[in-house]
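Novice:
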Amino acid sequence: MRIEDPNVVAALSELGVELRCSASLAKLTSLAIGGTTDLLSIRKHESIPGLLSLLDSRGVPHRFLGGGSNLLVDDGELPWVIMQLASPDPDVVLEGNFAQVDAAADLGRTVTYCAKHDLGGMEGLIGVPGTVGGALRMNAGAYGMQIGSYVREVTLYRAATRQIEILRGEQISFEYRHTSFAPDDMMLAVKLELPSKPYKEILQGIRICNEKRRSSQPLGQKSAGCIFKNPPGASAGRMIDDLGLKGLSVGDARVSERHANFFVNAGKASAKDMLALIADVRQRVRSAFSVELEHEVVIWNA
Ligand code: EPU
16 MRIEDPNVVA
26 ALSELGVELR
36 CSASLAKLTS
46 LAIGGTTDLL
56 SIRKHESIPG
66 LLSLLDSRGV
76 PHRFLGGGSN
86 LLVDDGELPW
96 VIMQLASPDP
106 DVVLEGNFAQ
116 VDAAADLGRT
126 VTYCAKHDLG
136 GMEGLIGVPG
146 TVGGALRMNA
156 GAYGMQIGSY
166 VREVTLYRAA
176 TRQIEILRGE
186 QISFEYRHTS
196 FAPDDMMLAV
206 KLELPSKPYK
216 EILQGIRICN
226 EKRRSSQPLG
236 QKSAGCIFKN
246 PPGASAGRMI
256 DDLGLKGLSV
266 GDARVSERHA
276 NFFVNAGKAS
286 AKDMLALIAD
296 VRQRVRSAFS
306 VELEHEVVIW
316 NA
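This is the structure we're talking about:
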């Protein structure tokens with residue numbers, strides 16, 4: 016989708032929003048899959064209500080992109096423009112046991128930054144790619160912890176009120192890979208309360224999680240993490256593995272040899288290839304186990 020109307024281009028510049036023409040989503044997602052569209056880079060949170068009014072009044076469809084690490088985007092020219100937050104400097108500010116973190120901050124860097132200041136709790140999230148905003152929306156978790164446990168306040172653009180609001184932690188429900196945020200709410204910043212722990216101790220936890228992850232997940236390959244949520248009481252990865260599907264491919268989209276719930280782009284996979292592989296695996300799991308696997312990865316079909 017192209018923004019060509021000079022009035023819209025001028026209004027964007029007045030809002031301080033940078034327009035990048037014809038950005039490749041393949042370059043902005045960890046799966047390295049996705050077509051092209053115009054990208055709007057937002058430097059100031061305050062410009063968001065004005066930006067959305069502008070896009071809506073001009074009938075410009077839009078989507079909000081976080082770190083692109085849990086996302087499968089369609090091929091070709093995309094029918095929406097993409098908005099993305101630019102990361103401020105600094106993106107983490109500490110005060111006692113509280114960390115005020117911008118949604119665009121890199122999750123891994125945030126975990127290590129807090130650790131260096133003797134704030135722990137998030138060791139399990141080390142190695143989870145993406146931004147803090149993405150982790151928050153999905154309630155990212157690993158090795159027995161989830162980010163939601165530490166959330167005290169969230170600053171967000173609420174689609175329902177078209178305003179920037181602050182929600183207290185108790186007003187948000189955090190469940191397994193699911194939160195009560197509306198689909199078009201935009202995460203802007205979060206206040207975390209983290210337990211004090213000596214850096215050395217946190218580092219030990221980080222090393223253990225890193226080691227576990229390295230031995231069981233295809234970290235060097237292009238993926239979107241786990242494709243399916245685990246069904247209650249079961250493991251999607253184990254079910255897919257039990258069916259002997261590691262290595263199953265459609266084009267360059269492949270079920271990882273290392274972890275069967277990771278599907279990797281082994282070369283030049285298209286969204287079409289990846290979607291066909293997902294549908295095929297889902298169908299086989301349904302036939303064998305009568306279980307309907309639910310996507311964990313977010314899918315943007317054009
Ligand atoms: N397993 C297999 N074969 C495989 C993969 C796993 O037999 O190919 C078995 C393992 O041996 C283990 C069980 O299945 O007994 C569970 O596997 P694992 O410990 O790897 O955890 P998981 O349930 O597959 C979940 C999260 C991961 C997170 C890990 C570690 C989901 C969908 N996945 O994976 O999160 O990193 O636990 O806590 O909840 C993600 O969300 O994208 C993600 C990767």
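Under my numbering, residue 317 is the last one in the sequence shown; the count climbs by one each step, no gaps. Cβ atoms here follow ideal geometry from the backbone N, Cα and C, with glycine treated the same way. Remember, predicted model here, so these are calculated numbers, not experimental data.
(1) With respect to the alpha helix (DSSP H) encompassing Gln219, which residues constitute its N-terminal and C-terminal limits?
(2) Leaving out five residues on either side along the sequence, give the residues of the same chain with a beta carbon under 7 Å from the beta carbon of His193.
(3) Please name the residue, chosen from Ile187, Pro198, Pro213 and Thr176, that lies closest to Gly136 on a Cα-to-Cα basis.
(4) If you draw a straight line from the alpha carbon of Arg269 to that of Phe79, how long is it in whole angstroms?
(5) Starting from Arg269, follow the beta strand (DSSP E) in both directions and report where the run begins and ends.
(6) Thinking C-beta only, is Glu208 closer than 8 Å to Arg183?
(7) Please list the terminal residues of the continuous beta strand (DSSP E) segment that includes Asp117.
(8) What residue range is occupied by the uninterrupted beta strand (DSSP E) comprising Arg35?
(9) Nearest by alpha-carbon distance to Glu185: which of Ile48, Ser195, Arg301 and Arg177 is it?
(10) When the Cα of Gly159 is compared with those of Val205, Lys227 and Gly282, which residue comes out closest?
(11) Return the first residue and the last residue of the alpha helix (DSSP H) that Arg301 is part of.
(12) Is Gly145 a contact residue of ligand 2, with contact defined as CB to any heavy atom under 7 Å?
(13) Within 7 Å: the Cβ of Glu307 and any heavy atom of ligand 1?
(14) Express the C-alpha separation of Ala303 and Lys59 in angstroms, rounding to a whole number.
(15) Per DSSP, what kind of secondary structure is Ala239 in: helix, strand or coil?
(16) Quick one: is the Cβ of Lys42 within less than 7 Å of any heavy atom of ligand 1?
(17) Count the CB pairs spanning the region 72-90 and the region 32-49 that are closer than 8 Å, and state whether there are at least three.
(18) Assuming contact is defined by CB atoms lying nearer than 8 Å, are Thr146 and Leu122 in contact in what I supplied?
(19) Under 8 Å: do the region 234-249 and the region 271-287 share three or more Cβ pairs, one atom per stretch?
(20) Could you give the distance in angstroms between the alpha-carbon of Gly156 and the alpha-carbon of Leu140?
(21) With distance defined between alpha-carbon atoms, name the residue in Thr44, Val169 and Val296 nearest to Ser285.
Specialist: Walking through what the data contain:
(1) Tyr214 to Ser231
(2) Asn154
(3) Pro213
(4) 27 Å
(5) Ala268 to Val270
(6) no
(7) Phe113 to Asp117
(8) Val32 to Ser39
(9) Ser195
(10) Lys227
(11) Ala286 to Phe304
(12) Annotation note on ligand 2: not contained in the displayed structure, which lists ligand 1 as its ligands.
(13) no
(14) 50 Å
(15) strand
(16) no
(17) yes
(18) yes
(19) yes
(20) 6 Å
(21) Thr44
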